[in-house]
Every structure is written in C-alpha cells, then in structure tokens.
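S.K.: Heads up, the sequence shown is in the UniProt record's numbering, so the first residue is 1 and it goes up one at a time. Pasting in a structure now, in structure tokens, and then I'll have a few things to ask.
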Amino acid sequence: MQPDRRSFAGKRICALGLGRFGGQVAAIEHLLQHGAQIRITDTAHPETLSDSIERLSQYSDIEFQFGPQTVDSLKNCDALLASPAIRPQHSCIIAARRVGLPVFTEIGLFLNACKGRVLAISGTVGKSTTAAMLAKILQVTGNKAHLGGNIGKSLLPIVEQIQPEDFVVLELSSFQLDYLRQVQPDFTAAVLTNLIPHHLEWHGSAEAYREAKAVMFQGQNSTQLSVFPESQRSESWPGKAERVYYRVEDLNGEFPDWPAHDQNNAAATMRVARWLGIEKSVIFEALHHYSGLPHRLEKIPNSLHRTIINDSKSTSPIATLAAIDTLCSPTWIIIGGADSLDDPSLLLDRLTKHQMIRGITWVGPAGNRLAGIFAQQNTETPQTVEDNLNSAWRWCWENSQRDHTILMSPGYPSFNEFLNYEARGEHLVKLVRETEDQTD
1 MQPDRRSFAG KRICALGLGR FGGQVAAIEH LLQHGAQIRI TDTAHPETLS
51 DSIERLSQYS DIEFQFGPQT VDSLKNCDAL LASPAIRPQH SCIIAARRVG
101 LPVFTEIGLF LNACKGRVLA ISGTVGKSTT AAMLAKILQV TGNKAHLGGN
151 IGKSLLPIVE QIQPEDFVVL ELSSFQLDYL RQVQPDFTAA VLTNLIPHHL
201 EWHGSAEAYR EAKAVMFQGQ NSTQLSVFPE SQRSESWPGK AERVYYRVED
251 LNGEFPDWPA HDQNNAAATM RVARWLGIEK SVIFEALHHY SGLPHRLEKI
301 PNSLHRTIIN DSKSTSPIAT LAAIDTLCSP TWIIIGGADS LDDPSLLLDR
351 LTKHQMIRGI TWVGPAGNRL AGIFAQQNTE TPQTVEDNLN SAWRWCWENS
401 QRDHTILMSP GYPSFNEFLN YEARGEHLVK LVRETEDQTD
C-alpha cells in the first residue's frame, strides 16, 4: 500500500540508502516538501555522498546516519523509503514489514501521484532504447511525453505538472518492479523487450526475476495493452490487457542497416505506437531521426585513426553479445567489472568464434573469472587481465592498429571501480582525450 502524499506532513520516515542524485534523493526531497521528517541511513562514507548531501542541505528536517544499517534506524519511524538497489531481504525491510510499517520506493511515490498515461518498458536488455524511441515518436507527433524511471531521470520533481492527457514513458528495472508487487499498477501499456535470467544475485532465482517483470502486467485491465516478444507467445503471463507480440518482420525491412537488437527495439516500440493510433509512416520517419543513447554503442570522435566505441551501458553478458555482433572491423575489446551470477557461456562462445576479435582485455572480478574460462576455450586470441580501465585502455591502444576498432562493452556492473556506468563511460572518453594529447 502506497501512502497518500497528503499524509506525509509530520511523519517520520526512514530512508534506507541515499546514493548520488538519482531517484532516492528526488524521493527524499519530495517527502520533505510534503512535510515529512527524514532519517537517512547509508553504509557509504559521507565523502562519497557529498553531492547528495549538498543537494539536501537546504532542508532542516533531516537526520543522517552513516555506517551499518540496523533495525535501530527504524525506531520512532512511521514508514520506510527503500532504495530499489537494496534487496527486500534486508533486515530493516523485513523488520518494517513485520511490524506493519509501510515500505515504498521513489517509483511507487511517483505512480501514486501521477495523473498521466503511463507506458512502462522493461526487459533484460533494450529497455532504455525502447523507452527513448517511444518517447521520441510521441514527441514528434505533438504529444507531451515525459521520459524517466530507470533511464536515469526521476520525474517526481515535476509530477504535479503532468496532466491526464500527457504520456509518461517509464523504463523500469526488475528491482523497481519487485518493490511494486503489492501495488499492482495499471499501466496504460506495458512492454517486455525480452527475458534472459539476470541479476540473480539480487532476485535469488530466474523464476523470481521473471515474477518481478510480471508485475508490469498484473494490474492491467482489458482496455490496456501488453506487448511481448514473439518468443514469449507460448509463455504464461498475468493480466487482462490486450496482448500483442512484436517481430522484426513488422518493420517491413525499413531499417536494414540497423543492428539486430535495435531492430527488435524498434519493432516493440512500433507495436505501442500503432495501438495509440500513430501511422506507420510517421513512426518510421521519427525512428529514422532517432540518434541513440549515451554510453550505448556510442562512437567517440577521435583523431587516433581508430573506431572507439563506448558501450558502458552494457552491464550483462547478453548486452555485450549484441554489441560484438555489430562488429565489422578488427576489434580489441574491454570486458569485465563487478561480478554477477549471469551466465557468460553464450558470450564466451561467441568471442571464441568471432572472426573480428583481435584481442581481449579483462578487468575487475568478473574479468578475472572469465579470463580463466576463456583461456581454456581459446589459446590463439591475445588476452590480458588488467587491474583497471586505465591499463585496459592502454593495452588496447598499444596493440591496435590504424582503422581497427576498440570496443568497451563490459557486460558487467561498474561498481568495482566506478559509481555507475555513466562514470565508467566518461572515464573512457577522458582516456581517449589524454591519448590524443600525448600523440599530437
């Protein structure tokens, strides 16, 4: 159950996790602006969170607790605001639910207050691109469309400005959806881009991961829309909404030069746009002007006579698999990061057989593990294990030649070395610029 925002006045709320900007800070500000008193607890050192602390410095009704998060943090509190990165099995969340304290998240607060028509997008890969494509189509056709959610921008600061006729395109992670289990939101349309077991260290099993994705559809009614990939036609999903399936063939060959994953994203997007009454020709025209997302197969302009690709947003092996399937020149690739329970077998097999791979540099705990497996499968492809992105980039730069490609597509989260994938991608750009300066 989500509390009514009018009921926040005078309430004492424990915020489990602060983070750097993003949704948690926006949610804390939202609660403070509606009269709540906030106790923030985070395991990180305050210096790491200085940006977020500074942003909240204008408010007086805040208490900070840094260090171990224990159930003592809940004393005298009326509700718990949880960061979706924190597992529901956390002792504070279990304790809150045991005594009947409401537990909610930023996305739950937003949905509770939002008057607009919400189009939800989720999946293992492709959800950011699909959401951005759909928002682009809606905006080109004169609709007011707000893009937010897991794509990195909280819409809570503008939620009261969103009108009933507005569209809200929300990219939703499995973490965010898991916390909405009890809410069962009724999305105007909900899209599953694909489903491959992911984040198993958080969810505990592939089935629990699937159940989190299913939350998108559970609360829908017969006037709404559910979109699935053709591969899910035989699968059982909850919900009463009209059910349609997307196929790349629906694009009628309109984007022959696009990589397969972007064709899939476009096909999913088109299903929603057509249901909303937008003509196919208008959809195609808008998609032809779609320029892609930062950190997703983003080419870095450079004077080094190489094609350098920043694919830092790739945080799963299946995303890296999609990236290497776009390669058409000799390539040196950077893979790895914080480890996860994702199955890397398809990726490793493709790396072994891909004719364009000239060398691999592995980084982080994930890279260390994968390097050992790969060495048993392939003894011909040059590879190295490096401590950080700096040395990984240097190895690729020194071994590559003119007209080669250097691709950073990690396939794993960034938090072993960076705060997020954006920081990782920005650091690659910095390394490229430094190398340009050194070679002038």
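Virtual Cβ for every residue (Gly too), placed ideally from N, Cα, C.
By the 10 Å Cβ neighbour count, where 16 or more other Cβ atoms means buried, how is G425 classified, buried or exposed?
M.R.: Burial call: buried.
S.K.: With distances taken from CA atoms, which of L407, P185, V432, R55 is nearest G219?
M.R.: Nearest option by C-alpha distance: P185.
S.K.: Would you mind working out which of V432, A135, G277 sits nearest I300, comparing C-alpha positions?
M.R.: Among V432, A135, G277, the Cα nearest to that of I300 is on V432.
S.K.: Using the Cβ count rule (16 or more neighbours within 10 Å means buried), how would you classify N221?
M.R.: That one is exposed.
S.K.: How is L419 classed by DSSP in three states: helix, strand or coil?
M.R.: It is coil, neither helix nor strand.
S.K.: Please confirm whether Y421 and S291 have their CB atoms less than 8 Å apart.
M.R.: Contact: no.
S.K.: Leaving out the 5 sequence neighbours to the left and right, which residues in its chain are closer than 6 Å to S409 when beta-carbon positions are compared?
M.R.: Closer than 6 Å at the Cβ level, and outside the excluded window around S409, lie D311, S314, T320, A323.
S.K.: How many angstroms separate the CA atom of K11 from the CA atom of D78?
M.R.: Each residue's alpha carbon lies about 6 Å from the other.
S.K.: To test your reading of the DSSP string, which unbroken alpha helix (DSSP H) runs of 4 or more residues are found completely within the stretch 246-304?
M.R.: Here the runs fully enclosed are 260-275, 280-288.
S.K.: Quick check: the Cα distance between S174 and L119, rounded to an integer number of angstroms?
M.R.: Computed Cα separation, rounded: 16 Å.
S.K.: How would you write the range of the alpha helix (DSSP H) that H30 sits in, first residue to last?
M.R.: Segment 22-33, the alpha helix (DSSP H) holding H30.
S.K.: Exposed or buried, T130, counting other C-beta atoms within 10 Å across all chains shown (16 or more means buried)?
M.R.: By the neighbour-count rule (16 or more Cβ atoms within 10 Å), T130 is buried.
S.K.: Look up F374 in the DSSP assignment and say whether it is helix, strand or coil.
M.R.: Of the three classes helix, strand and coil, the one that applies to F374 here is helix, per DSSP.
S.K.: To the nearest angstrom, how far is it from the Cα of S122 to the Cα of H198?
M.R.: Taking the straight line joining both Cα atoms gives about 13 Å.
S.K.: May I have the straight-line CA-CA distance separating E165 from V272, to the nearest angstrom?
M.R.: Rounded to the nearest angstrom, the two C-alpha atoms are 16 Å apart.
S.K.: Whose C-beta lies closer than 6 Å to the C-beta of W393 among residues of the same chain, with five residues either side of it excluded?
M.R.: Result list for W393: L431, in chain order.
S.K.: Rounded to the nearest angstrom, what separates L111 and L134 at their Cα positions?
M.R.: Cα to Cα, the separation comes out at about 19 Å.
S.K.: For the structure I just gave you, are there three or more beta carbon pairs, one from the stretch 12-19 and one from the stretch 78-95, closer than 8 Å?
M.R.: They touch, by the three-pair rule.
S.K.: Is it right to say G372 is buried, meaning 16 or more other beta carbons lie within 10 angstroms of its own, or is it exposed?
M.R.: G372 is exposed by the Cβ-count criterion.
S.K.: Measure the alpha-carbon distance for R117 versus L101 and round it to whole angstroms.
M.R.: So the alpha carbons of these two residues sit roughly 29 Å apart.
S.K.: Nearest CA to the CA of K136: which residue from L287, H203, L49?
M.R.: The shortest Cα separation from K136 among L287, H203, L49 belongs to L287.
S.K.: Taking Y179 as the reference, give the member of R350, K240, L407, E106 with the closest Cα.
M.R.: That would be E106, whose Cα lies nearest to the Cα of Y179.
S.K.: What is the DSSP secondary structure of L347, counted as helix, strand or coil?
M.R.: Helix, per DSSP.
S.K.: So, for A44: in the same chain, excluding its five sequence neighbours on each side, which residues have a beta-carbon less than 8 Å away from its beta-carbon?
M.R.: Within the same chain, A44 has close Cβ partners L18, F66.
S.K.: Cα separation between A212 and P256?
M.R.: Distance between the alpha carbons of A212 and P256: 34 Å.
S.K.: Quick one: what does DSSP say I121 is sitting in, helix, strand or coil?
M.R.: Three-state DSSP puts I121 in a strand.
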